[in-house]
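**Student:** Residue numbers (our numbering): 1 to 266.
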Amino acid sequence: MTPALTTATSGTAVGDDIPAAVRIDHVHKSYGRPGADRPVLDDITLDVRPGEFVCLLGASGCGKSTLLNLVAGLDRPTAGSITVPGGRPALMFQEHALFPWLTAGRNIELALRLRGVPRAGRRAEAERLLELVRLGGAYGKRVHELSGGMRQRVALARALAQDSRVLLMDEPFAALDAITRDVLHHELTRIWSETELSVLFVTHNVREAVRLGQRVVLLSSRPGRVVREWEVGIPQPRRIEDAAVADLSVEITEELREEIRRHGRH
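(1) Quick one: what does DSSP say K64 is sitting in, helix, strand or coil?
(2) Is T78 closer than 8 Å to S147 when the C-beta atoms are compared?
(3) If you follow the alpha helix (DSSP H) that T195 is in, where does it begin and where does it stop?
(4) Along the chain, where does the alpha helix (DSSP H) containing V154 start, and where does it finish?
(5) Give the DSSP bridge partners of F201, in chain order.
(6) What first and last residue would you give for the beta strand (DSSP E) that runs through G121?
(7) Grouping DSSP H, G and I as helix and E and B as strand, with all else coil, what is S249?
(8) What does DSSP give as the partner residue(s) for P39 in the beta ladder?
(9) How would you write the range of the alpha helix (DSSP H) that A111 sits in, first residue to last?
(10) Per DSSP, what kind of secondary structure is I260 in: helix, strand or coil?
(11) Within the same chain, show all residues whose beta-carbon is closer than 7 Å to that of Q162, passing over the 5 residues directly before and after it, in chain order.
(12) Which residue comes first and which comes last in the beta strand (DSSP E) that contains E229?
(13) Buried or exposed for E229, please, with buried defined as at least 16 other CB atoms from any protein chain shown within 10 angstroms of its CB.
(14) With distances taken between CB atoms, is the gap from V202 to L56 smaller than 8 Å?
(15) Does the distance from the CB of L160 to the CB of V71 come in under 8 Å?
(16) How many angstroms separate the CA atom of T6 from the CA atom of S60?
(17) Check whether the Cβ atoms of S249 and C62 sit closer than 8 Å, and answer yes or no.
(18) Give me the DSSP bridge partner(s) of D47.
(19) If you pair each beta-carbon of the segment 252-264 with each one of the segment 196-210, do three or more pairs fall below 8 Å?
(20) Can you tell me which residues form a DSSP beta bridge with A90?
(21) Going straight from the alpha carbon of T180 to that of P172, what length do you get?
(22) Report the rounded CA-to-CA distance for A175 versus V54, giving the unit in angstroms.
(23) Do you know how far the Cα of E187 is from the Cα of K64?
This is how it looks when you write it as structure tokens:
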């Protein structure tokens with residue numbers, strides 16, 4: 001089997017006539033030399049529908065971030081294929097990764113320049129994106145002048161500046177305090193609904209997954225395999241303390257604990 005990452009112009013169907021925004025097809029990933037390799041992902045098959053918000057959940061070390069890196073094109077699968085019909089996805093990391101010597105606006109403009117946006121239009125577009133993430137007026141602020149939550153908003157604006165139809169998010173709110181994280185959950189849900197992006201969001205926080213996702217996908221402990229999926233039928237906007245969010249979180253947590261126990265017995 002030949003590994004592949006494809007950014008073709010036509011996708012693999014998730015329904016009769018709806019192309020997948022992301023198609024992960026029997027993907028394996030191992031590290032190390034042949035015969036002494038260490039499997040990280042095993043036979044992962046997963047579609048993300050256009051405009052869908054999917055949360056990828058699992059214990060630490062199960063390969064969630066590895067899978068996201070494969071979808072982003074930062075690495076290649078050992079076997080299987082990944083198809084992203086709309087082109088290379090945008091990626092947002094746990095750390096904001098902003099350049100400290102640039103202002104908030106200039107950090108966004110850098111992504112616009114790499115995308116090929118003419119210089120004359122970059123500032124206006126950067127300011128529009130800052131408005132979208134509720135940071136209007138922050139164009140000239142340096143990174144050290146911004147709070148942790150504000151930095152993540154700038155990082156989100158920079159990801160949106162790539163103008164991709166797929167947004168990959170690798171635990172972007174894990175380092176934030178609970179109140180800031182709650183505010184950014186609300187803002188991300190708003191931006192997702194306004195832009196109709198397809199989002200693949202990695203987290204180890206069960207409540208965060210249920211608060212945000214239309215679908216929650218649970219990976220087993222290493223090697224990562226898809227164990228179970230939940231369609232989240234709770235209407236948005238949701239709050240993390242909502243009874244329905246709590247009830248589904250309990251069910252998913254029990255499944256996650258069982259996976260961790262099963263892994264611990266091997």
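Beta carbons: idealized from backbone N, C-alpha and C, even for Gly.
**Tutor:** According to the structure data:
(1) helix
(2) no
(3) 178-195
(4) 148-160
(5) C55, M169
(6) Careful: G121 lies outside any beta strand (DSSP E), inside the alpha helix (DSSP H) at 119-132.
(7) helix
(8) S30
(9) 104-115
(10) helix
(11) A90, A111, R115
(12) 226-231
(13) exposed
(14) yes
(15) no
(16) Bear in mind that a pLDDT of 39 at T6, under 50, signals an unreliable position, so the number given afterwards is only what the model happens to contain. Cα to Cα, the separation comes out at about 28 Å.
(17) no
(18) R23
(19) yes
(20) L167
(21) 12 Å
(22) 21 Å
(23) 23 Å
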